[in-house]
Amino acid sequence: MQSSESQPPRRTPFISLLDAGLRAGRATGLMRSPVLEREALMADAARVAGLDDFGDAWFTGPFEVLLDAVRHEARLNAAGEFAAIQQFRKVLVDRLWAQQWFARHPEILARPLKRPVVIVGPMRSGTTRMHRLLAADRRFSHLRSFETISPVPRPDFEEVLAGRKADFRPVLAARIMQVARLANPRTLSIHPTGPYEPEEELGLLVASMYGMKHEAQWQIPAYARWCEAADATPAYAYLADLLRLIGWSQQVSSIRPWILKTPQHMLDLPALLAVFPDARLIFTHRAPTAIVGSAASLAWNQTIIYSNHVDPAQIGAEWLRKTGLQIDRMRAARQAVPAHRQIDVQYEDMERDWRGTMNRVYRFLELDIGPAVAGMEAYIDRSRALKSRPHSYNLGQFGLSREAVRARLGDYADEFGVPEEGGAHAAA
Numbered sequence: 091m092q093s094s095e096s097q098p099p100r101r102t103p104f105i106s107l108l109d110a111g112l113r114a115g116r117a118t119g120l121m122r123s124p125v126l127e128r129e130a131l132m133a134d135a136a137r138v139a140g141l142d143d144f145g146d147a148w149f150t151g152p153f154e155v156l157l158d159a160v161r162h163e164a165r166l167n168a169a170g171e172f173a174a175i176q177q178f179r180k181v182l183v184d185r186l187w188a189q190q191w192f193a194r195h196p197e198i199l200a201r202p203l204k205r206p207v208v209i210v211g212p213m214r215s216g217t218t219r220m221h222r223l224l225a226a227d228r229r230f231s232h233l234r235s236f237e238t239i240s241p242v243p244r245p246d247f248e249e250v251l252a253g254r255k256a257d258f259r260p261v262l263a264a265r266i267m268q269v270a271r272l273a274n275p276r277t278l279s280i281h282p283t284g285p286y287e288p289e290e291e292l293g294l295l296v297a298s299m300y301g302m303k304h305e306a307q308w309q310i311p312a313y314a315r316w317c318e319a320a321d322a323t324p325a326y327a328y329l330a331d332l333l334r335l336i337g338w339s340q341q342v343s344s345i346r347p348w349i350l351k352t353p354q355h356m357l358d359l360p361a362l363l364a365v366f367p368d369a370r371l372i373f374t375h376r377a378p379t380a381i382v383g384s385a386a387s388l389a390w391n392q393t394i395i396y397s398n399h400v401d402p403a404q405i406g407a408e409w410l411r412k413t414g415l416q417i418d419r420m421r422a423a424r425q426a427v428p429a430h431r432q433i434d435v436q437y438e439d440m441e442r443d444w445r446g447t448m449n450r451v452y453r454f455l456e457l458d459i460g461p462a463v464a465g466m467e468a469y470i471d472r473s474r475a476l477k478s479r480p481h482s483y484n485l486g487q488f489g490l491s492r493e494a495v496r497a498r499l500g501d502y503a504d505e506f507g508v509p510e511e512g513g514a515h516a517a518a
């Protein structure tokens with residue numbers, strides 16, 4: 091919802107204490123300064139995993155650009171550098187493990203991915219709610235939060251399948267979420283989740299060192315522009331292979347369509363459709379003043395964890411630009427999609443009558459909604475428990491105004507009949 095405060099929230103003391111401790115460790119020689127170089131990071135991952143096949147080398151292109159931007163633009167604090175090293179190591183080790191699984195079980199890559207349902211919309215436009223309502227239907231497959239954090243099973247996963255071990259990934263996800271809450275407890279109100287909650291596949295694009303997840307946590311404009319100019323088809327092809335691996339690890343039928351969603355798809359619809367040519371698309375819409383303000387707040391609350399030099403006005407300007415570009419590309423790319431494979435859903439309609447709106451979505455999907463209703467109602471009840479307080483933000487906190495947002499995105503709102511919202515913004 092809109093906040094009356096004129097300044098955005100500050101980070102918690104936890105990060106300042108962690109940052110001071112890391113800097114002290116380096117100053118006394120107890121800790122080494124991180125090396126943010128591709129060759130060193132890949133060599134370290136190979137040593138940790140005892141493997142050397144990272145798969146398709148396309149990822150090294152965005153990785154080089156990302157590392158350069160992190161070194162020269164992000165202005166990370168010591169805690170931010172530590173977190174970056176851990177994130178990169180995890181992605182690289184996961185790639186090594188993935189190649190090992192593909193070699194052990196060639197049948198994984200033969201799994202079909204037919205007619206996925208892809209939710210396409212800006213940050214904070216209700217994509218999470220739509221995704222989790224559809225994920226409540228057991229006729230679909232979906233990612234769980236621990237699987238987007240750790241998409242690749244560990245090398246001993248066959249012991250898990252045999253019932254002799256527990257999967258460590260949900261435990262790891264819970265620990266990561268706890269650290270995130272210590273770093274910034276507002277993350278729970280912005281995006282309520284848990285290890286087993288349905289989650290978007292942005293982490294599967296991160297596996298190629300690609301996508302907006304990095305931009306939402308670091309100030310890296312050169313990397314953002316590189317990604318915006320790149321053909322993302324290789325990243326989406328690798329995403330598809332990871333979906334096959336996850337489907338195999340879930341031991342579910344490959345006939346079940348996947349439910350997918352992430353705002354990245356707005357920028358990369360041609361790449362998505364090249365990899366998933368029979369995808370069915372659900373486009374979500376919300377008042378531009380709400381989505382821009384909430385996206386800026388989300389980026390702010392993550393960026394201040396990793397850097398001591400964050401300007402809220404720059405955050406606001408970047409996410410107004412980014413949201414505008416997403417919408418422009420979405421509007422252009424969907425012209426090539428047959429009308430019977432796409433549907434538009436208004437945030438306000440979901441707020442007012444989610445059951446009626448989901449009935450319309452199921453008619454589009456040519457499915458009987460009846461078997462899914464109980465699961466959807468259970469999700470609605472669970473979401474109220476997950477979200478204990480609203481996400482508060484204010485356009486003015488980020489140097490923006492309703493007039494500036496309307497000037498950039500008013501034609502979009504007019505084209506799709508997106509109603510303006512009042513003072514209360516419930517983020518989803």
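Taking my numbering, the leading residue of the sequence shown gets 91, the next gets one more, and so forth. Every residue gets a Cβ at the ideal spot worked out from N, C-alpha and C, and that includes glycine.
Please identify the residue among Val183, Trp316, Ala159 and Pro98 whose C-alpha is closest to the C-alpha of Ala135.
Checked all of Val183, Trp316, Ala159 and Pro98; the closest Cα to Ala135 is Val183.
What does a CB cutoff of less than 7 Å around Thr323 pick up in its chain, not counting 5 residues either side in sequence?
Taken in chain order, the residues that qualify are Ala361, Ala364 and Val365.
Three or more beta-carbon pairs under 8 Å between the stretch 236 to 251 and the stretch 215 to 224, yes or no?
Contact between the stretch 236 to 251 and the stretch 215 to 224 is absent, because fewer than three Cβ pairs lie under 8 Å.
Check this for me: beta carbons of Ile381 and Ser215, under 7 Å apart or not?
The answer is yes: Cβ separation under 7 Å.
If we count Cβ pairs, one from each stretch, closer than 8 Å, do we get three or more for the stretch 280 to 296 versus the stretch 343 to 363?
Enough Cβ pairs lie closer than 8 Å, so yes.
Would you list, in sequence order, the uninterrupted alpha helix (DSSP H) runs of no fewer than 4 residues that lie entirely inside the stretch 371 to 428?
Those alpha helix (DSSP H) runs which fall completely within the stretch 371 to 428 and span 4+ residues are 378 to 396 and 402 to 423.
Return helix, strand or coil for Arg179, following the three-state DSSP convention.
Three-state DSSP puts Arg179 in a helix.
Less than 6 Å between C-beta atoms, sequence neighbours within five positions excluded: which residues of the same chain meet that for Leu108?
Hits under 6 Å: Ala169.
DSSP three-state call for Gln487: helix, strand or coil?
It is helical.
In the DSSP assignment, find the alpha helix (DSSP H) that holds Leu203 and state where it starts and stops.
Premise fails: Leu203 is in no alpha helix (DSSP H) and is neither H nor E.
Rounded to a whole number of angstroms, what is the C-alpha to C-alpha distance between Glu505 and Arg431?
Spanning the two alpha carbons is a distance of roughly 19 Å.
Quick check: what's the CA-CA separation for Ala110 versus Pro402?
Spanning the two alpha carbons is a distance of roughly 23 Å.
Whole angstroms are fine: how far does the CA of Leu199 sit from the CA of Leu85?
Outside the modelled stretch of the chain, which goes from 91 to 518, sits residue 85, for which no answer is possible.
Report the three-state DSSP secondary structure of Ile470 (helix, strand or coil).
Reduced to three states, the DSSP call for Ile470 is helix.
Rounded to the nearest angstrom, how far is the Cβ of Thr413 from that of Ile405, given a contact under 8 Å?
With a Cβ gap of about 12 Å, Thr413 and Ile405 do not count as contacting.
Which same chain residues end up closer than 6 Å to Ile310 when comparing Cβ atoms and leaving out the 5 residues on each side of it in sequence?
Cβ neighbours of Ile310 beyond the five flanking positions: Ala159, Glu163 and Ala164.
Please list, in chain order, all residues of the same chain as Gln189 whose beta carbon is under 6 Å from its beta carbon, the five residues on each side excluded.
Excluding positions up to five away in sequence, the list reads Asp143 and Gly145.
Please tell me whether Arg370 and Val207 are closer than 7 Å, where the distance is taken between their beta carbons.
Yes, the Cβ-Cβ distance between Arg370 and Val207 is below 7 Å.
From Met267 to Pro282, what does the alpha carbon distance come to, in whole angstroms?
Cα to Cα, Met267 sits roughly 10 Å from Pro282.
May I ask you to report which of helix, strand or coil DSSP gives Arg88?
Given that the chain is displayed from residue 91 to residue 518, the structure contains no residue 88 and the question cannot be resolved.
Closer than 6 Å: is that where the CB of Gly115 sits relative to any heavy atom of the ligand FMN?
This structure simply doesn't include the ligand FMN, nor any ligand for that matter.
Can you tell me whether DSSP reads Arg521 as helix, strand or coil?
What the structure shows of the chain is the stretch from 91 to 518, and residue 521 is not part of that stretch, so it cannot be assessed.
For Asp185, which three-state DSSP category applies?
The identity of residue 185 in the sequence shown is Arg, whereas the question assumes Asp. Three-state result, Arg185: helix.
For Trp348, which beta-bridge partners are listed by DSSP?
BP columns for Trp348 point to Ser231.
For the pair the stretch 449 to 466 and the stretch 226 to 233, tell me if three or more CB-CB distances fall below 8 Å.
A contact exists between the stretch 449 to 466 and the stretch 226 to 233.
Helix, strand or coil: which one does DSSP assign to Gln309?
In this structure, Gln309 counts as coil in the three-state DSSP scheme.
What's the C-alpha gap between Leu454 and Glu127?
It is worth fixing the name first, because residue 454 is Phe in this sequence and not Leu. One C-alpha to the other measures close to 48 Å.
Assuming the contact rule is C-beta atoms closer than 8 Å, Leu335 and Ala297 should be a hit. Round their C-beta distance to whole Å, please.
Not really, about 11 Å apart at Cβ, beyond 8 Å.
Pro288 bridges to which residues according to DSSP?
For Pro288, which the question treats as bridged, DSSP gives the partners Arg234.
Leaving aside the five residues before and after Asp368 along the sequence, list all residues of the same chain whose C-beta is less than 6 Å from its C-beta, in chain order.
So the list reads Arg205, once near-sequence residues are dropped.
Where does Gln268 fall in DSSP's three states?
Helix, per DSSP.
I need the boundaries of the beta strand (DSSP E) containing Gln436, first residue and last residue.
Gln436 -> beta strand (DSSP E) spans Gln432 to Gln436.
From Tyr483, Ala503, Gly284 and Pro378, pick the residue whose C-alpha is nearest to that of Tyr469; which is it?
Considering only alpha carbons, the answer is Gly284.
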